[in-house]
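If you read the first sequence in the working numbering, its first letter stands for residue -2, the second for the next number, and so on.
Backbone N, C-alpha and C define an ideal beta-carbon position, used for all residues, glycine too.
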Amino acid sequence: MPPPLPRRPDPRVAGVLHLDLDAFFAAVEQRDKPSLRGRPVVVGGTGLRGVVATASYEARRFGIGSAMPTGQARRLCPNAAYLAGRFGAYRIVSEQVMAIARELSPAVEPMSLDEAYVDLALAHEGLTTEDAVEIAKEFRTRVRARTGLTVSVGVGRSKLTAKIASDLRKPDALVVVAPEDEADLLRPLEVSRLPGVGHVTGERLRRSGIRTIGDLAAVEEDELVRMFGKAHGTGLAAFARGFDPRPVVAEREAKSVSAEETFAVDLTDRRDLDERVRRMAERVAARLTTSGLSGRTVTIKVRRYDFSTLNRSRTLAHSTGSAGEIAEHARELLAAVDVADGVRLLGVGVSGLTEFAQIDLLADLLADSDTEDHTEGGEAGADPVDGVAAGGIHPLTSPAPYGPAAPAERDWSPGQDVTHPEHGSGWVQGSGVGRVTVRFEGPHTPPGRILTFRADDPDLAAAPPPVFEPPVLEPAVPDPAPEPSA
DNA sequence: TCTGGGGTCCTAGGACCC
DNA sequence: TCTGGGGTCCTAGGACCC
-2 MPPPLPRRPD
8 PRVAGVLHLD
18 LDAFFAAVEQ
28 RDKPSLRGRP
38 VVVGGTGLRG
48 VVATASYEAR
58 RFGIGSAMPT
68 GQARRLCPNA
78 AYLAGRFGAY
88 RIVSEQVMAI
98 ARELSPAVEP
108 MSLDEAYVDL
118 ALAHEGLTTE
128 DAVEIAKEFR
138 TRVRARTGLT
148 VSVGVGRSKL
158 TAKIASDLRK
168 PDALVVVAPE
178 DEADLLRPLE
188 VSRLPGVGHV
198 TGERLRRSGI
208 RTIGDLAAVE
218 EDELVRMFGK
228 AHGTGLAAFA
238 RGFDPRPVVA
248 EREAKSVSAE
258 ETFAVDLTDR
268 RDLDERVRRM
278 AERVAARLTT
288 SGLSGRTVTI
298 KVRRYDFSTL
308 NRSRTLAHST
318 GSAGEIAEHA
328 RELLAAVDVA
338 DGVRLLGVGV
348 SGLTEFAQID
358 LLADLLADSD
368 TEDHTEGGEA
378 GADPVDGVAA
388 GGIHPLTSPA
398 PYGPAAPAER
408 DWSPGQDVTH
418 PEHGSGWVQG
428 SGVGRVTVRF
438 EGPHTPPGRI
448 LTFRADDPDL
458 AAAPPPVFEP
468 PVLEPAVPDP
478 APEPSA
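See below:
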């Protein structure tokens, strides 16, 4: 069935739903790891240069929040569980939730693994605010029953209102804003609640004495355009007045594909950097291939020791998805950048995407046989910090390989799922100095016991995420009542 | 222990073309 | 030969989002 055509929401009806899973990554960890329930949990980069992706509500009470450097979080709450993230598990849960959303309406627009908009009015002719309340309640019940997670939901007449509503009373909240109540709701809220008002815009507005959405609505559009430019200025003026015509779009096409890494220590060696470029180009090419895409513009991103960041790009005459070709252009772009003082982050991307062309297959074969060296040795050098992607509409990363790994390349990440033939399923609590500590438990066991192994113990193997079994809600179909004998 | 990784959209200037 | 004007493409940078 083709996706529904996007249409501007009817401003007289609260027909747009926004769903936002509560502390999503941390909540999945607590669901799957009973010993972490009720405890502060932080998911994110666990290395020296990591940042927090999600903090559980227990951790937030210590002042820990998203995008905070993990080092700072550790100082605030040394006893929290710091986990690197299990994106395979998050993706599975996300897909379950998006499937439940599609039971409400075919028009579901995922914004990330944990957020989506749903156009309810599209699937429910003559929808009333009362109907929307009932639908949203049922949605929340289904999500909790099938995934064990709580979701906050906002409903309003536009994406703007639905999104603000879902954030208003998190966690585990349902907020429905009837169109006639919207203006009173928005007026006293801080401008930073509006999409598009981040740090810079918020600060500029504050310096102009504009604090609330009501303050902003009192500013002439022309003035905002002078301050912020055409698009941003008109957008702010519209949002401040509660006007948002953006439709819910079920299927959006990717515009670019990229991979980047922040290194544990800044790199200065050209050959080292070229090797990183090659590996990132391979990741990008693999994802392009998976999604049947190729692109004409190759971009590199370089963040230097002082955090200054530059991009260099080159547009080709033809479209490519070849790892060798992407790497070649990326290396040439990098050659023109001064790296002597140290490179903190390197990225490779491809944009100007089109559907994969058959001719690229040939180009890939030729480039690979010419320029690729497929040996995977010499990777013992400085590895990137554990990376954590907080979102992304296109879950293109290939699944992690499970099962025992060759001893040399075993490194255990905190939170990772493992199995042991004798002790069963568990997860890595920590590792170091040749040891790994595992807690053996799962979503349906009591808190489990902790055992320590040698890091190269052949009995210990990486495992897929544990399966969450929803509790049976309906009682089994009762035996038919005995016929009353006449 | 100071700052991830994956994206989107907008602006502005210059080249180039008619 | 004193020099418009619009459109498109490309590059670079930046704000913002989750």
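Closer than 8 Å by C-beta to glycine 292: which residues in its own chain qualify, once you throw out the five before and the five after it? Chain order, please. Your numbering for residue 292 matches position 295 in the first sequence. Hits under 8 Å: Ser253, Val254, Leu285, Ser316, Thr317, Gly318, Val347, Ser348, Gly349, Leu350, Thr351.
### Query
Thinking C-beta only, is arginine 243 closer than 8 Å to glutamate 258?
Here residue 258 is taken as the residue at index 261 of the first sequence, counted from 1. Here residue 243 is taken as the residue at index 246 of the first sequence, counted from 1. One thing to note: glutamate 258 has its Cβ no nearer than 8 Å to the Cβ of arginine 243.
If distances are taken between C-alpha atoms only, which option among Leu14, Val340, Gly193 comes closest to alanine 175? Taking the first residue of the first sequence as position 1, residue 175 is located at position 178. Cα-wise, what sits closest to alanine 175 is Leu14.
Contacting residues, own chain, Cβ-Cβ under 7 Å from proline 440 (five flanking each side not counted):
In the first sequence, residue 440 corresponds to position 443, counting from 1. Excluding residues within five positions, the ones whose Cβ falls inside 7 Å are Arg28, Asp29, Pro463, Phe465.
Query raised in the report: Where does tyrosine 54 fall in DSSP's three states?
Result: Taking the first sequence and counting its residues from 1, the one referred to as residue 54 is at position 57. Residue state, collapsed to three classes: helix.
Exercise for the section: Using the DSSP secondary-structure output, state which residues sit across from asparagine 308 in a beta bridge. Expected result: Taking the first sequence and counting its residues from 1, one reaches residue 308 at position 311. The partner list for asparagine 308 (beta bridge, DSSP) reads Lys298.
If we count the other Cβ atoms within 10 Å of its Cβ and call it buried at 16 or more, is alanine 337 buried or exposed?
In the first sequence, counting from the first residue as 1, residue 337 sits at position 340. With fewer than 16 neighbouring CB atoms inside 10 Å of its own CB, alanine 337 falls in the exposed class.
- Message: Let's test the definition: count the other Cβ atoms within 10 Å of the Cβ of glutamine 535 and tell me whether it reaches 16, buried, or not, exposed.
- Response: No information on residue 535 is available, as it lies outside the stretch -2 to 483 that the chain covers here.
**Asked** Counting pairs of Cβ atoms below 8 Å between the stretch 81 to 96 and the stretch 57 to 70, do you hit three or more?
**Response** The answer is no - the stretch 57 to 70 does not touch the stretch 81 to 96, with fewer than three Cβ pairs under 8 Å.
Residues in its own chain within less than 8 Å of arginine 4 by CB, not counting five upstream and five downstream? Here residue 4 corresponds to residue number 7 of the first sequence, with the count starting at 1. A distance below 8 Å between beta-carbons, with the five flanking residues on each side excluded, links arginine 4 to the following residues of its chain, in chain order: Asp116, Leu119, Pro244.
Requested in this report: Tell me whether alanine 333 is buried or exposed, calling it buried when 16 or more other Cβ atoms sit within 10 Å of its Cβ.
Outcome: Along the first sequence, one-based indexing puts residue 333 at 336. Burial is judged here by how many other beta carbons sit within 10 angstroms of a residue's own beta carbon; alanine 333 has fewer than 16 and is exposed.
Round the Cβ separation of valine 48 and proline 37 to the nearest angstrom and send it over; I've been treating them as touching at under 8 Å. The count along the first sequence starts at 1 and reaches residue 48 at position 51. The count along the first sequence starts at 1 and reaches residue 37 at position 40. That pair is no contact at about 17 Å.
Evaluate threonine 296 with the Cβ neighbour count: other Cβ atoms within 10 Å of its Cβ, from every protein chain shown; 16 or more gives buried, anything less gives exposed. Stepping through the first sequence from its first residue, residue 296 is reached at position 299. That one is buried.
For this session: Give the C-beta separation of proline 444 and proline 31 to the nearest angstrom, bearing in mind that I take them to be a contact with Cβ-Cβ under 8 Å.
Result: As a working note, residue 444 is residue 447 in the first sequence. As a working note, residue 31 is residue 34 in the first sequence. Proline 444 to proline 31, Cβ: 5 Å. Contact.
Check each candidate in His326, Val340, Leu221 and name the one with the smallest Cα separation from threonine 294. Locating residue 294 in the first sequence gives position 297, where the first residue counts as 1. Closest option to threonine 294, Cα to Cα, is His326.
Where do the N-terminal and C-terminal ends of the alpha helix (DSSP H) with threonine 198 fall, by residue? As a working note, residue 198 is residue 201 in the first sequence. In this chain, the alpha helix (DSSP H) harbouring threonine 198 covers 196 to 204.
request  = Identify every residue that forms a DSSP beta bridge with alanine 282.
outcome  = Position 285 of the first sequence, counted from the start, is the residue given in the question as residue 282. Its beta-bridge partners do not exist; DSSP assigns none.
Can you tell me whether threonine 306 is buried or exposed? The criterion is at least 16 other CB atoms within 10 Å of its CB, across all chains shown.
In the first sequence, the residue the question calls residue 306 occupies position 309. Threonine 306 should be labelled exposed.
Check your understanding: What separation, rounded to the nearest whole angstrom, lies between the Cα atoms of proline 75 and tyrosine 54?
Key -> Your numbering for residue 75 matches position 78 in the first sequence. Your numbering for residue 54 matches position 57 in the first sequence. The straight-line gap from Cα to Cα measures roughly 16 Å.
> So the alpha helix (DSSP H) aspartate 528 belongs to, where does it begin and stop?
Replying inline: In the structure as shown, the chain begins at -2 and stops at 483. Residue 528 is therefore absent and cannot be evaluated.
| message | Please classify phenylalanine 240 as buried or exposed, where buried requires at least 16 neighbouring CB atoms within 10 angstroms. | response | Reading the first sequence from its first residue, position 243 is the one you call residue 240. That one is exposed.
| query | Thinking C-beta only, is threonine 434 closer than 8 Å to glycine 427? | reply | To locate residue 427, count along the first sequence from 1; it is residue 430. To locate residue 434, count along the first sequence from 1; it is residue 437. Against a cut-off of 8 Å, the Cβ pair of threonine 434 and glycine 427 comes out as a contact.
Margin query: Measuring only the C-alpha atoms, how far is arginine 58 from lysine 298?
Written below: Numbered from 1 along the first sequence, position 61 holds the residue referred to as residue 58. Numbered from 1 along the first sequence, position 301 holds the residue referred to as residue 298. Between the alpha carbons of arginine 58 and lysine 298 lies a distance of about 36 Å.
On the three-state DSSP scale, how would you describe proline 66?
For the purposes of this step, residue 66 is taken as the residue at position 69 of the first sequence. Under the three-state reduction of DSSP, proline 66 is assigned to strand.
### Cα-Cα separation, threonine 265 to leucine 331
Here the question's residue 265 lines up with position 268 in the first sequence. Here the question's residue 331 lines up with position 334 in the first sequence. Spanning the two alpha carbons is a distance of roughly 12 Å.
(message) For glycine 44 and alanine 81, what's the separation of their Cα atoms in angstroms?
(response) Position 47 of the first sequence, counted from the start, is the residue given in the question as residue 44. Position 84 of the first sequence, counted from the start, is the residue given in the question as residue 81. Approximately 9 Å between the Cα atoms of the pair.
Note to self: I need the DSSP call for arginine 451, collapsed to helix, strand or coil.
What the structure shows: Numbered from its first residue, the first sequence carries residue 451 at position 454. Here arginine 451 sits in strand by DSSP.
How long is the line joining the alpha carbons of leucine 128 and glutamate 135, rounded to whole angstroms? Taking the first sequence and counting its residues from 1, one reaches residue 128 at position 131. Taking the first sequence and counting its residues from 1, one reaches residue 135 at position 138. Looking at the sequence shown, residue 128 is not leucine but aspartate. Here the alpha carbon of aspartate 128 sits roughly 11 Å from the alpha carbon of glutamate 135.
Cβ neighbours of proline 103 in the same chain (closer than 6 Å, five flanking residues each side left out): Taking the first residue of the first sequence as 1, we reach residue 103 at position 106. Closer than 6 Å at the Cβ level, and outside the excluded window around proline 103, lie Pro1.
Q. Closest by CA to glutamate 250, which one among Leu18, Val430, Met108?
A. Here residue 250 refers to the residue found at position 253 when the first sequence is read from its first residue. Its Cα nearest to that of glutamate 250, the residue Met108 stands out among Leu18, Val430, Met108.
task: Could you give the DSSP three-state label for glutamine 413: helix, strand or coil?
output: Counting from one through the first sequence, the residue named residue 413 turns up at place 416. In the structure shown, glutamine 413 sits in coil (DSSP, three-state: anything other than H, G, I, E or B).
Taking the alpha helix (DSSP H) that methionine 108 belongs to, which residues open and close that run? Counted from its first residue, the first sequence places residue 108 at position 111. Counting along the chain, methionine 108 falls outside any alpha helix (DSSP H), though it belongs to the beta strand (DSSP E) covering 105 to 109.
**Report entry** Own chain, CB closer than 8 Å to threonine 442, minus 5 neighbours either side, in chain order
**Finding:** Here residue 442 is taken as the residue at index 445 of the first sequence, counted from 1. Excluding the 5 residues flanking it on each side, threonine 442 has same chain C-beta neighbours closer than 8 Å at Pro31, in chain order.
Beta carbon of alanine 98, beta carbon of leucine 157: below 8 Å? Counting from one through the first sequence, the residue named residue 98 turns up at place 101. Counting from one through the first sequence, the residue named residue 157 turns up at place 160. Not closer than 8 Å, so no.
ask   = Under three-state DSSP, which class holds aspartate 17?
value = In the first sequence, the residue the question calls residue 17 occupies position 20. When DSSP states are grouped into helix, strand and coil, aspartate 17 belongs to the strand group.
| By a C-beta neighbour count over all protein chains shown, 10 Å radius and 16 as the cutoff for buried, is proline 418 buried or exposed? | Within the first sequence, numbered from 1, the residue matching residue 418 stands at position 421. Exposed, because fewer than 16 other Cβ atoms sit within 10 Å of the Cβ of proline 418.
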